[in-house]
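In UniProt numbering, the protein residues as written are 1 to 647.
Glycine is no exception: its CB is placed at the ideal position from the N, C-alpha and C atoms.
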């Protein structure tokens, strides 16, 4: 008659015996589908009475401790010797069947024999329904939980919604707590299709029920069945809550949360949709995930009574968290969401900062690279790619103080004075591939394009001493030409040699001499008329480049004899110009007659000579002469001629 206490289980009544194949057997109840009848607290057991041990949800019967020798010996000692000797093989099979199914019998020593125990089922080892891609299974007493892996968040979707264990007894009586109980309406009868539970208080909101689901569970709805009340002298009424409020939590140490709507307001559920089966259905607009669910009866019909079942499921999968939606997950450039994680990616020309020193960047001493706000965050910050270092070109300069160069940086080169840049551009840029877009330029000695000879005007340019043109007559010009013939030849030879080794040009600061070898032609009367030097062109407005033989282009213009002086009595001179070689006819007016000649061969033709003088010779016009007019007393006469038109 001593009733054993079953940890994580309870004693339930057996169903009626069934006769099969000529022997008495008892079929175990299907725990998932049929209701069970717990043994009443005041139930008395006598010798040979049987009862079944049912484990709570998440636990299983364990008889491993009953199959040892001591247990068998204890069983034999508890029975009369004659009974032991008369046991048949069938009895042994029935005993084994009963033990395996949790059926225990009251023995002769007034104790139940062969009492199994309830041990936790490790669902994770047996193969849980957890989605291994998004969750990891964690065994818990009486159940398991599919905990989200890093990078995943719980989802409130159920692949299959089912009852959560009140009606079929999977949730033990200990999982049901109520604020109060009316006589004859015990809390354990709150399960569907039982007699029901009623609260003792008749005040609104003063009756509460708390269900411990044993593990964190997704709750999607409720089914509530009215309770029939028969009062003396009154007809039977249906008592049920007409207005409910829900609260939930995951731990009894934390305050319960009210079920809220989208506007963060507490929701109350009104029961007015009783179906044909006599059950109210409440579907939660947004499922909740909790271990403890509290139902507060705000209003009721008849009395605060109900029969209850919850529907939902154990979370089996989790949804990926899109970390990129929250501050780009800390990525400085692009964030790529991946199942359970994310990855930072960089724009063109940048690399991810994966370790201290990446691309020449270092974490400051006071930072770790792991916290928000750090200058360089590991695997999140993108840094520009580094280009190789640069050196100054020979005879040139690198115009920067930088020592490290990265994508987007540009540097400029400059050659020293007297040198020009060849090859690459004076500006190099660090490209997206971490390489410069060119090579370091070279600085070569500056060169000038040499002056050219001009045969048409007798201009000679070359190297050597300055040749001064002769300023004498024709004979002197002929002698000068003869004396400089050999000098021109030597200068041209030197010029050709120097140009050959300088790609047809002359080096910086080279001098060139120029002179005119044709008679009647001479250089312009300037200080630098007879030479040019290869120098820097400060304005570069001549189209000749940065370096040139300074000054205007040399030339040998014809000697200008100027406007010839009019001779008295001569006719007006008719000439095309006044330069070397030009000539005009010298004639006299009618009252005059021609006298003298310009030269032996030209007669009365006056020519502009190489020395810049008109060759008048002794040409003149002779004519009438006025008498000496004399002078006034004490006066003075100023006259050069008494010819006509003289004064």
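Exercise for the section: Find the nearest neighbour of residue 256 within the set 284, 241, 293, judged by alpha-carbon distance. Expected result: Of 284, 241, 293, the residue nearest in Cα terms is 293.
Problem - Start and end residues, alpha helix (DSSP H) containing residue 627 - result: Looking at the DSSP string, residue 627 is not in any alpha helix (DSSP H), and its letter there is neither H nor E.
Handout entry: DSSP-derived helix/strand/coil call for residue 173
Key = In this structure, residue 173 counts as helix in the three-state DSSP scheme.
Handout entry: C-beta atoms of residue 434 and residue 403 nearer than 8 angstroms
Key = No, these two residues do not count as a Cβ contact at 8 angstroms.
Problem - Short Cβ contact (8 angstroms threshold) for residue 305 with residue 205 - result: Residue 205 sits away from residue 305, with the two beta carbons spaced by 8 angstroms or more.
Problem - Counted within 10 angstroms of its Cβ, other Cβ atoms place residue 546 as buried (16 or more) or exposed - result: By the 10 Å Cβ count, residue 546 comes out exposed.
Problem - residue 321 vs residue 152 beta-carbon contact at 8 angstroms - result: Taking the C-beta atoms as reference points, residue 152 is found nearer than 8 angstroms to residue 321.
Practice task
Please report how far the alpha carbon of residue 425 lies from the alpha carbon of residue 393, in whole angstroms.
Solution key: Spanning the two alpha carbons is a distance of roughly 13 angstroms.
Practice task
In the DSSP assignment, find the unbroken alpha helix (DSSP H) run with residue 124 in it and report its ends.
Solution key: Its alpha helix (DSSP H) spans residues 123-126.
Practice task
Return the CA-CA distance between residue 593 and residue 572, expressed in angstroms with no decimal places.
Solution key: If you take the alpha carbons of residue 593 and residue 572, they lie about 15 angstroms apart.
Handout entry: Three-state secondary structure (DSSP) of residue 589
Key = Here DSSP, grouped into helix, strand and coil, assigns residue 589 to coil.
Exercise for the section: Express the C-alpha separation of residue 429 and residue 356 in angstroms, rounding to a whole number. Expected result: Residue 356 and residue 429: Cα-Cα distance of roughly 25 angstroms.
Exercise for the section: Identify every residue that forms a DSSP beta bridge with residue 532. Expected result: Per the DSSP secondary-structure output, residue 532 pairs in a beta bridge with 512.
Exercise for the section: Could you pull the start and end residues of the beta strand (DSSP E) that residue 311 belongs to? Expected result: Looking at the DSSP string, the run of the beta strand (DSSP E) that includes residue 311 is 305-313.
Problem - Euclidean distance between Cα positions of residue 446 and residue 511 - result: When rounded, the distance between both Cα atoms is 14 angstroms.
Exercise for the section: Using 10 angstroms around the beta-carbon of residue 65, count the other beta-carbons present and answer buried if the total reaches 16, otherwise exposed. Expected result: Exposure of residue 65 is indicated by the presence of fewer than 16 other C-beta atoms within 10 angstroms of its C-beta.
Handout entry: Those residues which DSSP pairs with residue 320 across a bridge
Key = Answer is 152, bridged to residue 320.
Exercise for the section: Determine the DSSP secondary structure at residue 264, reduced to helix, strand or coil. Expected result: Under the three-state reduction of DSSP, residue 264 is assigned to coil, being neither helix nor strand.
Exercise for the section: Could you round the C-beta distance between residue 37 and residue 13 to whole angstroms and report it? I think they count as a contact, below 8 angstroms. Expected result: The C-beta distance from residue 37 to residue 13 rounds to 4 angstroms, short enough to meet the 8 angstroms contact threshold.
Problem - Environment of residue 565 [buried if 16+ CB atoms lie within 10 Å] - result: Exposed, since its Cβ has fewer than 16 Cβ neighbours within 10 Å.
Practice task
Please classify residue 354: is it buried, with 16 or more other beta-carbons within 10 angstroms of its beta-carbon, or exposed?
Solution key: Residue 354 comes out exposed.
Handout entry: Whole-angstrom distance between residue 303 and residue 219, CA atom to CA atom
Key = Counting only the Cα atoms, residue 303 lies some 26 angstroms from residue 219.
Handout entry: Buried versus exposed call for residue 399 [16 or more other C-beta atoms within 10 Å across all chains shown]
Key = The Cβ neighbour count for residue 399, taken over all protein chains shown within 10 Å, is under 16; the residue is labelled exposed.
Handout entry: Own chain partners of residue 551 with C-beta closer than 7 angstroms, once the 5 adjacent residues on each side are dropped
Key = Exclusion of the five residues before and after residue 551 leaves 528, 532 as the residues of its chain whose Cβ lies within less than 7 angstroms of its Cβ.
Exercise for the section: Determine the closest residue to residue 111 out of 161, 5, 516, with distance taken between C-alpha atoms. Expected result: The shortest Cα separation from residue 111 among 161, 5, 516 belongs to 5.
Problem - DSSP state of residue 363 mapped onto helix, strand, coil - result: In the structure shown, residue 363 sits in coil (DSSP, three-state: anything other than H, G, I, E or B).
Problem - Residue closest to residue 245, alpha-carbon to alpha-carbon, out of 233, 223, 442, 269 - result: Ranking 233, 223, 442, 269 by Cα distance to residue 245 puts 269 first.
Exercise for the section: Inspect the CB distances between the segment 339-355 and the segment 228-243 and report whether three or more fall short of 8 angstroms. Expected result: With the cut-off at 8 angstroms, the segment 339-355 and the segment 228-243 do not touch.
Practice task
Check residue 190 in the structure and name its three-state DSSP category.
Solution key: In the structure shown, residue 190 sits in a helix (DSSP, three-state: H, G or I).
Exercise for the section: Assign residue 690 to buried or exposed, taking buried as 16 or more other Cβ atoms, counted over all protein chains shown, within 10 Å of its Cβ. Expected result: Nothing about residue 690 can be read from this structure; the chain reaches only from 1 to 647.
Handout entry: Environment of residue 54 [buried if 16+ CB atoms lie within 10 Å]
Key = Residue 54 counts as buried, since no fewer than 16 other beta carbons sit within 10 angstroms of its beta carbon.
Handout entry: Nearest to residue 312 (by Cα), restricted to the options 148, 160, 372
Key = Out of 148, 160, 372, 160 has the C-alpha closest to the C-alpha of residue 312.
Exercise for the section: Measure the Cβ-Cβ separation of residue 290 and residue 209 and say whether it is below 8 angstroms. Expected result: Against a cut-off of 8 angstroms, the Cβ pair of residue 209 and residue 290 comes out as no contact.
Handout entry: Spatial distance of residue 310 from residue 190 (CA atoms)
Key = Linking residue 310 to residue 190 through their CA atoms gives a straight-line distance of about 12 angstroms.
Problem - Simplified DSSP assignment, three categories, for residue 449 - result: Residue 449 falls in the coil class under three-state DSSP.
Problem - Residues that residue 430 bridges to, as DSSP identifies them - result: Residue 430 is bridged to 436.
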